[in-house]
Every structure is written in C-alpha cells, then in structure tokens.
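To keep things clear, I will list the structure first and then write my remarks on it.
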C-alpha cells in the first residue's frame, strides 16, 4: 500500500534526520496501519461469540461507525485525524486482543489465521508478539489504494465486511523496547532511555557498583499484553472499552457539526469526550449519560443530576459554567500556524488499564491549573530551543508530535534539584510523548528529540525487517547497567545519536550562552556512549540489508560529529565515564553471556 523506504530515506533517518517526504511517509504508514486496525476490530466484533461481544454491543458499534461516517461527510479531515489520534491506538489494541482471544471465537470456529509473510512495503498488522524487527500483514481482500490512507467510508460496517478478510491475531506483544525495562536511574537511556536534561553532576564519576550518573529518562511503556482474565471479566472490560468508542464518535460528530442524541456510559466517575473535556459523575459504577448535540452546544444529562450545557470552542476544547465539567486543555501549536497540541491528562487510555509500570516510570497525572501553567511556560520556549539545533528538528517535532501525556513527577526530582524527569513513548500510540513536567524548555526539547527518535525507529522497524536477532540480553550499553538485547541496543544508540546531534548543533550555534557548557558536556557524553555501542551493532551477523545500511549511516553520522569535538575537558570526562561504565558492566556480566564486540 505504501512504497518501501529508499536508500535516500534510510540515509536521512540513519543520520537522525528526515526530510519532509520521508517524515510524511512515516506518518502515512502509521495512519494506514491505524485504519487497518480499526477495520480488523469491526471484522472481529462481527466474528466474536455472543459471550464476548453481545449483539447489543455489536449494534452499538455499528451505530457509532455510522455516526462517524456522517461526521466524515461534513469534515473528513477532522474524522481521520481523530481516528489516528495516538491514544486511540492503545484502545484499539485492547479491543482487538479481547475480540480475537480464543474465548472470543464461537464454538466450533477455527482459530484466526497466523501472520502472513510480509510483503515489501506493505504495512503489517498490529504487533502480534513477533520478534523485534519483524512484521506481518492482515489478509484483507479490500484495501486502500496504493499510498492512500483509507477513509472512514472505505471501511465497511461490521455487517458488510467481506468474509475473505482474515482478522489478525490479537496477541499484542510488548513495546519494542520493553523487555528492556525502564531504568530510573540517573542514566539517560533509562528504559529505551532518554536523557532529557543536563547531567545532575557533570563532574561526578560512577561509584563502584553504581549506575553511572547522567540525566535520566525512562522510556518504554509496554503495550497491553494478555490480560489473563476469565471470559466474564474479559467481556465486561471489552464492553467498557467499546463504550469509550461511543464517546469518541460523539465528540468527533459534535466537532463536525452533526446533530444527534445518544446515550453514553461514564466509568470510574467520569465521562471523557476526547478533545472536548470530561464530565464528573457520582459513583465509580457505570452511569448512563444522555448527550444531545445541537448547533455547537452539548446537553449532558445524568441520573439525578442537573443538566450540564457545554459549548464547543473553536478548534479545541469546550467550556461550561458547571463545576462538573473539566475542559480539555491544549498547548499552542509548535509553529505559529500549527494546530493546538493536546495535553492529554484525562484520556483513560493514556496509560492502558492493567499495564505494569516500568521501573522508574511514574503513572499518568491529572493536572491542576498551576501544573498546566508550568507546562505552558516550558512549552513556550521549546520551538526556540529546538531551532538552535537546526530547522529540521523543529520541523520533525511539528510533523510527528500529536499530543503530550503528563506523567507524575518522579520522587527523586526534588525541589532542590529538579533535574531528573521521566519520559516515554508507546509503539501503539504513535505521535504521543509521555513526560513528567519539564524543568525548562531546553530539557523539554531534548526529551522530544529523544522520544521522537524512538518513535521514528519503531516505525522503520515496522516498515521493514532490520535484523533477525533474538531477544537475549547480551550487549553492553553505556547508558544501562544491565545487558541489553540487540534491538534495545539499536534503539538506545539511535536515540543517543540524535541527542548528540542536538547538543552539538546547539553548542556550535553558541547563541544560548547559559547552556553552552552543558551542551558540550552532553554532546561529549552521548557521542562517547554511541561510539562504545556501535561495534556491537555493526558486528552483528543478524542484520538484514536495510538494517545494515541503516547502521552504516549511523556510523557515518557519528564520524561526522567527531570532526567537531567537544572541548578537551568534556571529551576526557566522557571517555572516562564510558570506560568506568564498561568496567562495572564487565564485573557484573560473565564473559560467556556477552555478545561478540559487546
């Protein structure tokens, strides 16, 4: 459906860049996958047994899709953007997993077909737990045209889906970098690791047996795995998940100007209308809420409560004079003419229910007015901080970033030393960056560079097989105290290479005098770390041809950065840091467990 990545695109991405055409291809790939995933949900709901997806739930799903089609007729771009919103991805994965589990099949039905061999350039189905770097495609006889993102109307209603299309397995595997559990440590590559800020103590050396310090950012939040629930509980959770889609359809249709009257279901004391806001209701049990939309005004009526009138704002959010209504919040566009960027602190799928928390990664936060102001203050300087490292970094963030998800501030980030933070991306939520409140614009910019490069490499890994390495943790990564699997090493090296480029370009620009010394220090650290990781990456016999090309382009980019070294004092400290980290790692990891050149 989409053309494969060319050598030119691989060269751009391997150098941690990406021109407009390359970035647009990554976005189209992910949007196409999302629409195929939604199609698979419709097919799977039609095929699931009544004990898993009761007929009433199927009918409601059809009605929700019909409402979206009416909204698409009024504003197609709006509907497609809503369906490709990052946080609908975790929702979709959960639904497909529940609908295609063995318990979901009617009695006597055959198991869903296994993954097919991947065709070059064809987007695979959702991750089925295959080894990193692999991909699969769903068997669907009807699909979008070459290079096109399917529109809502192109995906048939549940009752009209051709039976020739096979539904992909719902056994959703973890995020590509999970398995490399997130470090909290003061180490930059905590999890898939992000180093978002300056070193807490640039002069410090790692203590014996300790994790070498550096400014920390845990990365990977695993996607929802097997829930391990009984059929009855799984059915109840699926009904809650499907109720959220009803709210999504209602919110999108209201924004598109479609008049309707529907009954929605609030759960956990809140009805969330994505992009508009949330209504607080009494009680944690499911509560029916009647919603009527006419001419930009929503009337929400819950049992035993006064009606709540909500008025849509232009572009994003909605306001009400009722204290039960909490409006959604968005930051200004990164570019002057850019769309508002949602700060998602309400969406129930910003951290999927039941996800285990990685070590050091805090949970999602709901912000008060003061915390939103802190975000706005850091955000207001982020475009400028990115621009100091080159216009491509600003363009990249403006193209790929679709929402921010606030995380709670880590306990170790105290009032006296708020240098540490945590951040993450999720493979099933392309375009979302999760982060605790950033201390300042420069560190928020570094977080975006770090996390968006994890996202870029994850997309490339879906588009083409980069390697056939297993998940055995055998490689040395200077940003982690534990051995890493090959894919984790590749992800970490790629993100650190981008951070090295970010800080070097800022340092060479020199106009941010307050951060100049820090930029050189961070560049030296990241450049030395990547240099220590590259031999293990290059020396692997498990690389495919495109994977080897990508790694070679990374080597070239690393060498070019070496032509403008950091001041000697910073370079010496960085090399000593890496040597110390390697000695400590060698003490902990027996020789027989290490990969060659690791």
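Numbering (our numbering), first residue to last: -15 to 582. Idealized CB from N, CA, C, for every residue including glycine. What you are looking at is a predicted structure, and each value in this text was computed from that prediction instead of being measured.
- The beta-bridge partner set that DSSP reports for residue 387 consists of 416.
- Assigned with DSSP and collapsed to three states, residue 0 falls in coil, not helix or strand.
- Residue 469 carries a coil assignment under DSSP once its states are collapsed to helix, strand and coil.
- For residue 535, the three-state secondary structure derived from DSSP is helix.
- With 16 or more other Cβ atoms from the protein chains shown falling within 10 Å of its own Cβ, residue 503 counts as buried.
- Excluding residues up to 5 positions away in sequence, 329 lie with their Cβ nearer than 6 Å to the Cβ of residue 350 in the same chain.
- Taking residue 58 as the centre and dropping the five residues before and after it, the same chain places the C-beta of 240, 241, 242 closer than 7 Å to its C-beta, in chain order.
- Between residue 521 and the set 450, 487, 576, 505, the nearest pair of CA atoms involves 450.
- DSSP places residue 244 in the strand class (E or B) of the three-state scheme.
- Between residue 387 and residue 318, the C-beta gap is not smaller than 8 Å, which leaves the two residues out of contact.
- Of the candidates 525, 33, -13, 33 places its Cα closest to the Cα of residue 85.
- Contact annotation: residue 430 and residue 384 have beta-carbon atoms that are not nearer than 8 Å.
- With a cutoff of 8 Å on beta-carbon distance, residue 289 and residue 257 are scored as not near each other.
- Non-local C-beta neighbours of residue 309 in its own chain, meaning closer than 7 Å and more than five positions away in sequence, comprise 261, 263, 292, 294, ordered along the chain.
- With contacts defined by Cβ atoms closer than 8 Å, residue 331 and residue 71 form a contacting pair.
- In this structure, the alpha-carbon of residue 277 lies about 39 Å from that of residue 425.
- The region 8 to 26 makes no contact with the region 36 to 44, as fewer than three CB pairs between them are under 8 Å.
- The three-state secondary structure of residue 327, taken from DSSP, is strand.
- Residue range 425 to 447 is occupied by the alpha helix (DSSP H) that includes residue 433.
- Sixteen is the threshold: when 16 or more other Cβ atoms of the shown chains lie within 10 Å of the Cβ of residue 265, as they do, the residue is buried.
- Residues 293, 294, 295, 296 of the same chain have their beta carbon placed closer than 8 Å to that of residue 281, with the five preceding and five following residues left out of the count.
- Of all alpha-carbon atoms in 416, 306, 508, 456, the one lying nearest the alpha-carbon of residue 437 is that of 416.
- Across the set 305, 366, 506, the C-alpha of 506 shows the shortest separation from the C-alpha of residue 485.
- Boundaries for residue 502: no beta strand (DSSP E) harbours it, while the alpha helix (DSSP H) harbouring it runs 500 to 522, taken from the DSSP string.
- Taking all protein chains in view, the Cβ of residue 259 is crowded by 16 or more other Cβ atoms within 10 Å, so the residue is classified as buried.
- Contact holds between the region 468 to 477 and the region 512 to 526, because three or more Cβ pairs, one in each stretch, are under 8 Å apart.
- With distances taken between CA atoms, residue 518 lies nearest to 461 out of 413, 64, 461, 455.
- In terms of CA proximity to residue 367, 432 leads the group 410, 500, 347, 432.
- A straight-line Cα-Cα distance of about 16 Å links residue 45 and residue 35.
- When the beta-carbon positions are compared, residue 29 and residue 37 come within less than 8 Å of each other.
- Contact fails between the region 60 to 70 and the region 248 to 256, because fewer than three Cβ pairs, one in each stretch, are under 8 Å apart.
- An exposed status is given to residue 494, since fewer than 16 other beta-carbon atoms sit within 10 Å of its beta-carbon.
- Sixteen is the threshold: when 16 or more other Cβ atoms of the shown chains lie within 10 Å of the Cβ of residue 508, as they do, the residue is buried.
- In this structure, residue -13 and residue 412 do not form a Cβ contact; the two beta carbons are roughly 24 Å apart against a cut-off of 8 Å.
- When secondary structure is reduced to three states using DSSP, residue 271 falls in the strand class.
- The beta-carbon separation of residue 406 and residue 428, rounded to 13 Å, does not stay under the 8 Å limit for a contact.
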